[in-house]
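In the numbering used here, the protein residues as written are 272 to 646. Below: one structure, written as structure tokens.
In structure tokens, the structure reads:
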């Protein structure tokens, strides 16, 4: 039986041949394909300005910089995400202010976010966890009330929608990831969707050395920018992926619903929130009933690996990492994030999977839990 990873990209032959053509063209760094991808993403997001970047991490950091967030400022963000989310806040000199998440949806508690607002708060950085959108009406209502910028970490949410509107087609600043494990990929890469052409111009400065060019040979440096421009090779992959994104997400939704139908274990897993048709299902991450088992998460992952099934962990609670403990965060502050961090596992979910693959995962999970139930 072949190994089933928890995720795998789907790259079609047309895209592969397109990359070959780019390589043969001699223009392999940022060029016409990168511009074409930006236009296609903008069209997908109903005309919003979009700029591509080398990663979602770079996108989040540039998002903070174009909001002029820096030393002395605070940015509210959930305690459950990938560490890139708070890391970029620290990289611009600001302080990440963690709040807990909802145990079921894994999305940030807006009640706790409001309670965390101080005179130093400049922005909210929510995460659409696993592709399930935040309550966007409540999020932007809170931001408007307190005069805050919103920088959405939508790394999981390309193709997700809120009440029929695609994430990134509205709002303030929205960051997407095109890493190899995401719903669409450029191998490595990301993008920012913004509300104004001025923000888009600022992204261009930050992603390429702060340079402004004029006539041939004429240039000026306006800011101390970095370098985060996407290559044409990566953009070519992204163009092929974007054409298939809605189909990919439809397949992900179908597979996720199959998990809900077939996942029956004793003791039971805590399944993730189902959401609605707006959920893009970047991943399927239930919680193990560890208190009712005589095996650890590490042992569960190993047992699945013995059955040729890959399992991930997304994510540990971030405030427990050494870097954030140095800021004064301690265990017990965010109980839902900590419980998720201890118990979560990411089961296989990607478009090339079949319903038989889901059955295989469900059967293996049920067998391992049944065999290791605490007496």
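The C-beta atom is built at its ideal place from N, Cα and C for all residues, glycine as well. No experiment lies behind these values; they were computed from the predicted model shown.
Residue i - DSSP class collapsed to helix/strand/coil
i	result
residue 431	coil
residue 496	coil
residue 616	coil
residue 317	coil
residue 621	coil
residue 478	helix
residue 291	helix
residue 545	coil
residue 446	strand
residue 426	coil
residue 350	coil
residue 281	coil
residue 322	strand
residue 372	strand
residue 379	strand
residue 345	strand
residue 420	strand
residue 557	coil
Neighbour-count burial assignment, residue i, 16 or more Cβ in a 10 Å radius
i	result
residue 359	buried
residue 363	buried
residue 319	buried
residue 393	buried
residue 339	exposed
residue 399	buried
residue 437	buried
residue 303	exposed
residue 386	exposed
residue 490	exposed
residue 642	exposed
residue 585	buried
residue 409	exposed
residue 283	exposed
residue 316	buried
residue 377	buried
residue 291	exposed
Pairwise C-alpha distance: residue j and residue i
i	j	result
residue 589	residue 397	14 Å
residue 618	residue 612	15 Å
residue 475	residue 577	48 Å
residue 505	residue 538	44 Å
residue 379	residue 348	7 Å
residue 406	residue 294	43 Å
residue 351	residue 581	22 Å
residue 308	residue 401	24 Å
residue 648	residue 415	No information on residue 648 is available, as it lies outside the stretch 272 to 646 that the chain covers here.
residue 570	residue 523	27 Å
residue 388	residue 345	9 Å
residue 457	residue 564	40 Å
residue 494	residue 289	35 Å
residue 626	residue 533	10 Å
residue 547	residue 325	31 Å
residue 470	residue 333	10 Å
residue 561	residue 543	16 Å
residue 421	residue 357	14 Å
residue 451	residue 286	15 Å
residue 463	residue 631	38 Å
residue 342	residue 636	47 Å
residue 629	residue 277	11 Å
residue 597	residue 337	27 Å
Assumed close pair residue i, residue j - CB separation to whole angstroms, cut-off 8 Å
i	j	result
residue 513	residue 305	Contact flag wrong, Cβ pair sits at about 13 Å.
residue 440	residue 425	With a Cβ gap of about 11 Å, residue 440 and residue 425 do not count as contacting.
residue 460	residue 509	7 Å
residue 519	residue 455	7 Å
residue 555	residue 620	4 Å
residue 448	residue 327	3 Å
residue 492	residue 481	5 Å
residue 640	residue 536	5 Å
residue 419	residue 395	6 Å
residue 314	residue 427	That belief does not hold up - the Cβ atoms of residue 314 and residue 427 are roughly 22 Å apart, past 8 Å.
Contact with chain B by residue i, beta-carbon distance below 8 Å
i	result
residue 373	Considering every chain present, this structure includes no chain B. It has just one protein chain.
Own chain partners of residue i with C-beta closer than 7 Å, once the 5 adjacent residues on each side are dropped
i	result
residue 558	540, 541, 611, 614, 615
residue 549	404, 431, 432, 433
residue 300	502, 503
residue 311	510, 513
residue 624	526
residue 323	305, 308, 309, 460, 462, 501, 506
residue 411	421, 442
residue 367	346, 348, 357, 360, 361
Cβ-based neighbour list, residue i, same chain, cut-off 6 Å, excluding 5 preceding and 5 following
i	result
residue 653	With the chain running from 272 to 646 in the structure shown, residue 653 is simply not present.
residue 374	607
residue 453	none
residue 516	430, 455
residue 587	612
Contacts around residue i, its chain only, beta-carbon distance under 8 Å, and the 5 residues preceding and following it disregarded
i	result
residue 236	This structure does not reach residue 236, given that the chain is present from 272 up to 646, and the question cannot be answered.
residue 579	272, 273, 274, 275
residue 496	476, 477, 478, 479, 480, 481, 482
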